[in-house]
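Residue numbers (our numbering): 8 to 247.
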């Protein structure tokens with residue numbers, strides 16, 4: 008019950024943050040971040056059995072909804088990785104994400120994920136593929152799904168920490184950097200811990216990934232709100 012409550016809270020937060028960015032997206036601003044927010048709503052929503060089971064049923068009951076979650080997460084990290092690397096003025100980070108190395112990592116992970124999904128025996132809908140945990144292909148599929156987000160998050164932690172430590176940065180910028188640093192750090196910790204432990208982490212299986220989502224979208228929203236405030240503040244207002 009507690010686990011599902013956390014997921015519902017994160018889903019509601021993602022919907023709110025996406026709606027806040029909708030007007031700007033309509034005007035052609037921040038569309039990549041808005042697209043990432045929409046995909047987050049899809050991914051988080053499908054993590055809930057109340058949404059996953061009926062949606063997967065419409066897709067044939069073969070757990071295609073789970074594959075949609077994985078591919079959505081890959082797209083989210085590409086979009087946010089590019090945007091955040093640009094915000095932190097880190098061309099090296101951008102290169103690591105969408106340069107030859109980054110695209111190779113993405114291509115390999117996507118291919119492995121799809122192949123493992125196809126090789127798995129998934130005869131009926133199961134949220135998180137919990138009913139099929141005993142299959143080696145399902146376990147490897149889950150690890151592959153965590154690999155790419157962990158890679159991109161690892162690339163973004165250092166620029167976020169540098170933003171936090173920047174003495175010339177505004178409070179909003181440093182606060183957002185702190186949220187992003189902790190959020191992406193949690194993604195890395197979850198990916199590495201899950202890989203090394205090779206077992207379910209209990210409540211941390213929910214707290215780490217969904218907590219990281221909440222931290223990252225909060226950081227992005229702080230940046231957005233600060234920019235909006237600056238745009239709406241009259242030039243003569245010295246308190247801005």
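Yeah, the Cβ is synthetic: ideal placement off N, Cα and C, and Gly gets one too. Quick caveat, the model's predicted, so the values are computed rather than measured.
Q: Whole angstroms is fine: what's the gap from residue 42's alpha carbon to residue 144's?
A: In the chain shown, counting from the first residue as 1, residue 42 sits at position 35. In the chain shown, counting from the first residue as 1, residue 144 sits at position 137. Going by the C-alpha atoms only, they are around 31 angstroms apart.
Q. Does DSSP put residue 244 in a helix, a strand or coil?
A. In the chain shown, residue 244 corresponds to position 237, counting from 1. Confidence in residue 244 is poor, its pLDDT being 40 and thus under 50, which makes the residue's placement too unreliable to answer from.
Q.
Measuring straight from C-alpha to C-alpha, what distance separates residue 169 and residue 30?
A. Start at 1 with the first residue of the chain shown, and residue 169 comes out as number 162. Start at 1 with the first residue of the chain shown, and residue 30 comes out as number 23. Using only the alpha carbons, I get a separation of about 31 angstroms.
Q: Taking only the alpha-carbon atoms, compute the straight-line gap between residue 71 and residue 125 and give it to the nearest angstrom.
A: Here residue 71 refers to the residue found at position 64 when the chain shown is read from its first residue. Here residue 125 refers to the residue found at position 118 when the chain shown is read from its first residue. Rounded to whole angstroms, residue 71 to residue 125 spans 10 angstroms at the Cα level.
Q: Could you please give the first and the last residue of the uninterrupted alpha helix (DSSP H) stretch that includes residue 28?
A: Reading the chain shown from its first residue, position 21 is the one you call residue 28. It spans 9-33 - the alpha helix (DSSP H) in which residue 28 sits, taken as one unbroken run.
Q: Have a look at residue 167 and residue 130 and give me their C-alpha separation to the nearest angstrom.
A: Taking the first residue of the chain shown as position 1, residue 167 is located at position 160. Taking the first residue of the chain shown as position 1, residue 130 is located at position 123. C-alpha separation (whole angstroms): 43 angstroms.
**Q.** Proximity below 8 angstroms, CB of residue 56 to CB of residue 111
**A.** Working through the chain shown from its first residue, we reach residue 56 at position 49. Working through the chain shown from its first residue, we reach residue 111 at position 104. Not a contact, by the Cβ cut-off of 8 angstroms.
Q: Evaluate residue 254 with the Cβ neighbour count: other Cβ atoms within 10 Å of its Cβ, from every protein chain shown; 16 or more gives buried, anything less gives exposed.
A: With the chain covering only 8 through 247, there is no way to say anything about residue 254.
(Q) Among 228, 235 and 237, whose alpha-carbon lies nearest the alpha-carbon of residue 24? (A) Within the chain shown, the letter at position 17 stands for residue 24. Nearest option by C-alpha distance: 228.
**Q.** Status (buried if at least 16 other CB within 10 Å, exposed otherwise) for residue 232
**A.** The count along the chain shown starts at 1 and reaches residue 232 at position 225. By the neighbour-count rule (16 or more Cβ atoms within 10 Å), residue 232 is not buried but exposed.
Q.
Determine whether the beta carbon atoms of residue 222 and residue 190 lie at a separation below 8 angstroms.
A. In the chain shown, the residue the question calls residue 222 occupies position 215. In the chain shown, the residue the question calls residue 190 occupies position 183. Less than 8 angstroms separates the beta-carbon of residue 222 from that of residue 190.
Q: Pull up the distance between the alpha-carbon of residue 171 and that of residue 59, whole angstroms please.
A: Against the chain shown, residue 171 aligns to sequence position 164. Against the chain shown, residue 59 aligns to sequence position 52. Rounded to the nearest angstrom, the two C-alpha atoms are 37 angstroms apart.
Q.
Pop quiz: residue 13 and residue 50 are said to be a contact at Cβ under 8 angstroms. What is the actual Cβ separation, rounded to whole angstroms?
A. In the chain shown, counting from the first residue as 1, residue 13 sits at position 6. In the chain shown, counting from the first residue as 1, residue 50 sits at position 43. Under the criterion of beta carbons closer than 8 angstroms, residue 13 and residue 50 do not qualify as touching, at roughly 15 angstroms.
Q.
On the DSSP letters alone, give me the boundaries of the alpha helix (DSSP H) that residue 73 sits inside.
A. One-based indexing of the chain shown puts residue 73 at position 66. Start and end: 71-94.
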